[in-house]
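**Student:** Taking numbering that gives the first Met the number 0, the leading residue of the sequence shown gets 0, the next gets one more, and so forth.
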Amino acid sequence: MRSINLLKESQKVFIGKFIAAFSGFIGLIIYANVLGAAGLGLYYIAHAVATISAKPSEGVGIAIENIKNKYNSSIGVYSSVGLIFIILYSILLSFIALVFYSNSYLIRINTPRDTIVYLTVILFISLCIYILFGRLYSSLGEPGDSVMIDAGKGILETILQVILLWFGLGVEGLIIGTIIATIIAVFYLLLNTPISFSSPTRTSFEQIKEYSRWSVITSIIQDGYLRMDTILIGFIISPSAVGIYESAMRIVQPAKYIGYSIERPLLVSVSQDKNKNVTSLLSDFAPYSSLLAIPLFAGGIFVAEDLLSILYGAEFSSGYYILLAGSIYYAIYAHSNVLAAFIHGLGKPYPVTKSIIISTIIRLITVTICLYYFGLFGIIPSILLAELIRFNLLRLSIINLSNYSYLPYKIKYQIISSIVMMIFILPIIVVINISNPIYLFITILMGGVIYMITLINIDDYIRTKTKNINIIKSVIR
């Protein structure tokens, strides 16, 4: 089994996630302007339900990924076990969901129209298989390439959704586009990657059962932890509030992709070399999880309201405070995920499960209470408190497991660079009218350039990694 290049794979993952995010963001602008906040919110509620329900696939995939690295055995055996589990699970849960829906009138629960419900079930099944296959491919030592495939799926999904929206299919068109793109990605993974299947053994069942009892729970709860906001906002407030919340969070969502680009290669690398001193990997890479989140918050202070209004319409401008809070949230969230990946790589999933369970309970309680009493604004203290608790629980677990205390000192360079950026763009904001789209995007571009120039010059690690790029040499001292 070959050892992976952590930096190279991280770059692939980031590029893949950024491409997928960019294509999805272009689509989002179109969806918001065509469907409005209510229609957009309904789509995200359906997508959240399907994705949460499909998360056991990721848990099984994580189990296979770690077992293969531990025993260095053929993945075909474990792939077969994983696929059997996922097929049985998706059939059972689909049956339960449809029975519940057909009898929902008995308990007087309001549900979306039939087509949305049935399409959500189909989306759930397709996501189950796709998520598993993506993890299987990643376990072959290709975490970066697996995310590039995900990026291709995202581009195809956006194209299909725009076409179906053009033909007037509305929310249903968005769900159908996601389903078709997911099915095509499944066939691509099956036919064009080294994923293989062979007769399962009793040992393989037992090994996956032993590990996945924690990783499956963690995956379900972790995705529920992320997406419960969408469902609770829709239930307590309205689908329109979901549309405003999701549209604001999607602008800052790319901030988490730096962390995502680190966590998957880190998990595989630590899993392969866990008998060595791997804490240096954490200290070298983890602090850069917030590389985008901190400047997004700093810049958002000046441009958030105008940006939302220009991109989505005046209806969405009230979500400016969600955009600002989301930047802080993703800075903490990205660090937490990297710490969780490190712990998974050590083969100790229980502390990750424990941290996400505790944080989910806190988030569920605080989100419910705060949304009820403070409306959409109540989401802010809820998500920040829960994520801070999760980060510190994971940090304490690493101290117990490896006697290493992770403190992200290097983020001081990101904070300094963001402050310099704010100082430079403040006079621009005062002089020009950023409600003009051209002036707004020029201001954002200038802010990003100033941030990166400052960071390159004050952070030795960033300067070392970028010194061979010709366009950057001119801005290095």
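Glycine is no exception: its CB is placed at the ideal position from the N, C-alpha and C atoms.
Is residue 115 near residue 156, with beta carbons less than 9 angstroms apart?
**Tutor:** In the sequence shown, residue 115 corresponds to position 116, counting from 1. In the sequence shown, residue 156 corresponds to position 157, counting from 1. No, the Cβ-Cβ distance between residue 115 and residue 156 is not below 9 angstroms.
**Student:** Which stretch, first to last residue, makes up the alpha helix (DSSP H) that contains residue 184?
**Tutor:** Residue numbering aside, residue 184 sits at position 185 when the sequence shown is read from its first letter. Residues 169–191.
**Student:** Considering Cα atoms alone, identify which of 225, 241, 226 and 84 is closest to residue 232.
**Tutor:** Start at 1 with the first residue of the sequence shown, and residue 232 comes out as number 233. Among 225, 241, 226 and 84, the Cα nearest to that of residue 232 belongs to 241.
**Student:** Can you list, in chain order, the residues of its chain whose CB lies under 8 angstroms from that of residue 357, leaving out five sequence neighbours each side?
**Tutor:** Position 358 of the sequence shown, counted from the first residue, corresponds to residue 357. Here the set comprises 388, 389 and 392.
**Student:** Where does residue 198 fall in DSSP's three states?
**Tutor:** In the sequence shown, the residue the question calls residue 198 occupies position 199. Reduced to three states, the DSSP call for residue 198 is coil.
**Student:** Should residue 458 go down as buried or exposed, given a rule of 16 or more other Cβ atoms within 10 Å for buried?
**Tutor:** Indexing the sequence shown from 1 puts residue 458 at position 459. Buried: at least 16 other Cβ atoms inside 10 Å.
**Student:** Look at the alpha carbon of residue 322 and the alpha carbon of residue 296, and state the distance between them as a whole number of angstroms.
**Tutor:** Walking along the sequence shown from the start, residue 322 turns up at place 323. Walking along the sequence shown from the start, residue 296 turns up at place 297. Taking the straight line joining both Cα atoms gives about 8 angstroms.
**Student:** Give the straight-line distance between the Cα atoms of residue 396 and residue 133, rounded to the nearest whole angstrom.
**Tutor:** Counting from one through the sequence shown, the residue named residue 396 turns up at place 397. Counting from one through the sequence shown, the residue named residue 133 turns up at place 134. Cα to Cα, residue 396 sits roughly 28 angstroms from residue 133.
**Student:** Helix, strand or coil: how does DSSP classify residue 433 here?
**Tutor:** Along the sequence shown, one-based indexing puts residue 433 at 434. It is coil, neither helix nor strand.
**Student:** Can you name, in chain order, every residue of its own chain whose Cβ lies under 7 angstroms from the Cβ of residue 126, other than the five neighbours on each side?
**Tutor:** To locate residue 126, count along the sequence shown from 1; it is residue 127. For residue 126, where only same-chain residues beyond five positions count, the Cβ hits under 7 angstroms are 49, 50, 53 and 181.
**Student:** Quick one: what's got a C-beta closer than 6 angstroms to residue 398's C-beta in the same chain, skipping five residues either side?
**Tutor:** As a first step, residue 398 is located in the sequence shown; it is residue number 399 there, counting from the start. Cβ neighbours of residue 398 beyond the five flanking positions: 404.
**Student:** Mind checking residue 65: buried by the 16 CB within 10 Å criterion, or exposed?
**Tutor:** As a first step, residue 65 is located in the sequence shown; it is residue number 66 there, counting from the start. So residue 65 counts as buried.
**Student:** Compare the beta carbon distance of residue 214 and residue 339 with 9 angstroms and say whether it is the shorter of the two.
**Tutor:** Counting from one through the sequence shown, the residue named residue 214 turns up at place 215. Counting from one through the sequence shown, the residue named residue 339 turns up at place 340. Not a contact, by the Cβ cut-off of 9 angstroms.
**Student:** Less than 9 angstroms between the C-beta atoms of residue 154 and residue 176, yes or no?
**Tutor:** For the purposes of this step, residue 154 is identified with residue 155 of the sequence shown, where counting begins at 1. For the purposes of this step, residue 176 is identified with residue 177 of the sequence shown, where counting begins at 1. Going by C-beta atoms, residue 154 is not nearer than 9 angstroms to residue 176.
**Student:** Going by Cα to Cα distance, which pick from 435, 421 and 345 is closest to residue 294?
**Tutor:** Here residue 294 refers to the residue found at position 295 of the sequence shown. Taking only the C-alpha atoms, the option nearest residue 294 is 421.
**Student:** Considering only their Cβ atoms, is the gap separating residue 258 from residue 150 smaller than 9 angstroms?
**Tutor:** Here residue 150 refers to the residue found at position 151 when the sequence shown is read from its first residue. Here residue 258 refers to the residue found at position 259 when the sequence shown is read from its first residue. Going by C-beta atoms, residue 150 is not nearer than 9 angstroms to residue 258.
**Student:** Does the Cβ-Cβ distance between residue 326 and residue 316 come in under 9 angstroms?
**Tutor:** By 1-based counting over the sequence shown, the position of residue 326 is 327. By 1-based counting over the sequence shown, the position of residue 316 is 317. No, Cβ-Cβ distance for residue 326 and residue 316 is not below 9 angstroms.
**Student:** Going by DSSP in three states, residue 404 sits in which element: helix, strand or coil?
**Tutor:** Within the sequence shown, residue 404 is the residue found at index 405, counting from 1. In this structure, residue 404 counts as coil in the three-state DSSP scheme.
**Student:** Under 8 angstroms: do the segment 422–430 and the segment 370–384 share three or more Cβ pairs, one atom per stretch?
**Tutor:** In short, these stretches do not touch, since the Cβ pair count stays below three.
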